[in-house]
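**Student:** Just dropping this structure here.
2 protein chains.
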Amino acid sequence: MVAAKAATQLGYTLLGLVLAKPQSGYALRKVFETTPLGNYSSSPGSIYPALKALEKAGLVERRSAAGGGGKQLFAPTSAGEAQFGEWLARPVDEEAMARHLDGVLLRFAFLQFDPDPGVSRDFLISFEAAAWARARALEAFLDGEAGRALSLHARLAVGHGLENIRSSARWAADARRQLGDKAEEGNDDEG
Amino acid sequence: MVAAKAATQLGYTLLGLVLAKPQSGYALRKVFETTPLGNYSSSPGSIYPALKALEKAGLVERRSAAGGGGKQLFAPTSAGEAQFGEWLARPVDEEAMARHLDGVLLRFAFLQFDPDPGVSRDFLISFEAAAWARARALEAFLDGEAGRALSLHARLAVGHGLENIRSSARWAADARRQLGDKAEEGNDDEG
DNA sequence: CCAACCATGTAAGCTGTTACATGATTGA
DNA sequence: TCAATCATGTAACAGCTTACATGGTTGG
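Residue numbers (the numbering used here), protein chains in the order written: chain C, 727 to 917; chain A, 727 to 917.
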């Protein structure tokens, strides 16, 4: 049990991508170039060092590709799969909601690889709860002593955050509905 | 004209705070502790080095406080004020909208210090335009080849970003209205 | 043969963080 | 005098970026 070192956010992203399909560093760069994934740079200086770190941590391994040449494919190890699953299952808390929303959404996107639809459901439930909690905190701030002392500009800026959080909460409810609709085609879970 | 080096985001934040009122590093830390400003750590290891960098760049200066002891106040220099004003007046582009929204909102909050209400208005106009542009870009992505190939999870994740951007755009329109209402009490600008 | 793309990497640096360290002042 | 708070700072590192560097392959 080699208690693998925690991967970085970018590391988990790469782990998720090679878990979906083993691929080369170059192919991974193309993903970052062509999709709004994370918001990470697709430059080689970002991707290759991150892959190397994952390899060193024993979370991915590289295989020589069939095509020959120096080309190589990255694939997750079993430790990598396990740690990725752990990452995915983390509940969403208010702190993550406030400061690492991008990472939280990234995690949600990768929940497609969890065979248990209950994990996605739990994720969205905790997401929505954390969002409303954060919204209440911002409302309390605006209504409190410090908040009332703010200028209109500052209040509006905080209000922007509040509106975005509310939008996120509504999104979670809607996403849960959409995933539920999809699930109904197959089986049924306790509500 | 000593072309002062550009401050960092945290640097501009501190610059804005000392512009509002010259204060000590400790007092600045308290602001970060008690308000959702930026999302910066209030730890001394964040604030003091940043202040030192601003001082080195000639954007703030320190004065010994009246109270005696080692206590000192930071205040903006004229170069600091000038550069802060420049920072404030930057138009909002889609790139900033997508990747540095926090910083953009921070700038808006500090626009309270610009005596010309037209700057705030222009800011919100470009903000709204950039938001809708970003929304259209995400819509185009979802409707495009790459987007349609995504799993429901991934589509929902992108959809979250889209909803947030729309929320931001609506906020800008509302904020403009609120600032306009306030302005009507005073004078009138060409519409 | 040359341009375009495939493919991989290193070096240096920026921005900010946590953890550590220190000392003065104030009030119970 | 002892704890809490005021007040300032450094050291080490994390995580990512840009810029640089290199070479293979493929097609016109």
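For every residue, glycine included, the Cβ atom is placed at its ideal position computed from N, Cα and C.
1. Can we say the segment 897-905 of chain C touches the segment 841-860 of chain C, given the rule of at least three CB pairs closer than 8 angstroms?
2. Taking Cβ-Cβ distances shorter than 9 angstroms, what residues in chain C pair up with Ser772/A?
3. Under 8 angstroms Cβ-Cβ, which residues of chain A neighbour Phe867/C?
4. Buried or exposed for Ser804/C, going by 16 or more other Cβ atoms inside 10 Å?
5. Report yes if the CB atom of Ala801/A is closer than 8 angstroms to the CB atom of Val744/A, and no otherwise.
6. If we count the other Cβ atoms within 10 Å of its Cβ and call it buried at 16 or more, is Ser893/A buried or exposed?
7. Whole angstroms is fine: what's the gap from Ala822/A's alpha carbon to Ala883/C's?
8. By how many angstroms is the C-alpha of Val818/C removed from the C-alpha of Gly887/C?
9. Three-state secondary structure (DSSP) at Arg789/A?
10. Between the segment 828-836 of chain C and the segment 858-870 of chain C, can you find at least three pairs of beta-carbon atoms closer than 8 angstroms?
11. Is there a Cβ from chain A that is less than 8 angstroms from the Cβ of Asp915/C?
12. Does the separation of the CB atoms of Leu736/C and Gln904/A fall below 8 angstroms?
13. So, with DSSP's three-state summary, where would you put Pro843/C?
14. Please name the residue in Leu868/C, Asp907/C and Gly906/C whose C-alpha comes closest to that of Glu889/C.
15. How about Arg788/A: is its C-beta nearer than 8 angstroms to some C-beta of chain C?
16. Nearest chain A C-beta to Leu741/C closer than 8 angstroms, yes or no?
17. Could you work out which residues of chain C lie near Ser768/A, taking near to mean beta carbons separated by less than 9 angstroms?
18. Would you identify the three-state DSSP class for Pro817/C, choosing helix, strand or coil?
**Tutor:** Reading it off the structure:
1. yes
2. The residue given as residue 772/A occupies position 46 in the second sequence. Chain C residues near Ser772/A: none, gap ~14 angstroms exceeds 9 angstroms.
3. Working through the first sequence from its first residue, we reach residue 867/C at position 141. Within 8 angstroms Cβ-Cβ: Thr761 and Pro762.
4. Position 78 of the first sequence holds residue 804/C. Its Cβ having fewer than 16 others within 10 Å, Ser804/C is exposed.
5. On the second sequence, position 75 is the one that residue 801/A refers to. On the second sequence, position 18 is the one that residue 744/A refers to. Their beta carbons are under 8 angstroms apart, which means Ala801/A touches Val744/A by this criterion.
6. Locating residue 893/A in the second sequence gives position 167, where the first residue counts as 1. Counting Cβ neighbours within 10 Å, Ser893/A comes out buried, since at least 16 surround it.
7. For the purposes of this step, residue 822/A is identified with residue 96 of the second sequence, where counting begins at 1. For the purposes of this step, residue 883/C is identified with residue 157 of the first sequence, where counting begins at 1. Each residue's alpha carbon lies about 16 angstroms from the other.
8. Working through the first sequence from its first residue, we reach residue 887/C at position 161. Working through the first sequence from its first residue, we reach residue 818/C at position 92. If you take the alpha carbons of Gly887/C and Val818/C, they lie about 18 angstroms apart.
9. The sequence position of residue 789/A within the second sequence is 63, counting from 1. Three-state DSSP puts Arg789/A in a strand.
10. no
11. Numbered from 1 along the first sequence, position 189 holds the residue referred to as residue 915/C. For Asp915/C, the predicted structure reports a pLDDT of 48, less than 50, and the residue's modelled location is therefore unreliable. A value from the coordinates is still provided. By this cut-off, Asp915/C is not an interface position.
12. As a first step, residue 736/C must be located in the first sequence, where it is residue number 10. As a first step, residue 904/A must be located in the second sequence, where it is residue number 178. No, they are not a contact pair.
13. Here residue 843/C corresponds to residue number 117 of the first sequence, with the count starting at 1. Of the three classes helix, strand and coil, the one that applies to Pro843/C here is helix, per DSSP.
14. Start at 1 with the first residue of the first sequence, and residue 889/C comes out as number 163. With distances taken between Cα atoms, Glu889/C lies closest to Leu868/C.
15. On the second sequence, residue 788/A is found 62 positions in, with the first residue counted as 1. It does not: the Cβ of Arg788/A has no partner Cβ on chain C nearer than 8 angstroms.
16. Residue numbering aside, residue 741/C sits at position 15 when the first sequence is read from its first letter. No, because no Cβ of chain A sits closer than 8 angstroms to the Cβ of Leu741/C.
17. Within the second sequence, the letter at position 42 stands for residue 768/A. Near Ser768/A there are no residues of chain C at all, since even the closest Cβ is about 13 angstroms away, more than 9 angstroms.
18. For the purposes of this step, residue 817/C is taken as residue 91 along the first sequence, with counting starting at 1. DSSP places Pro817/C in coil when its eight states are reduced to three.
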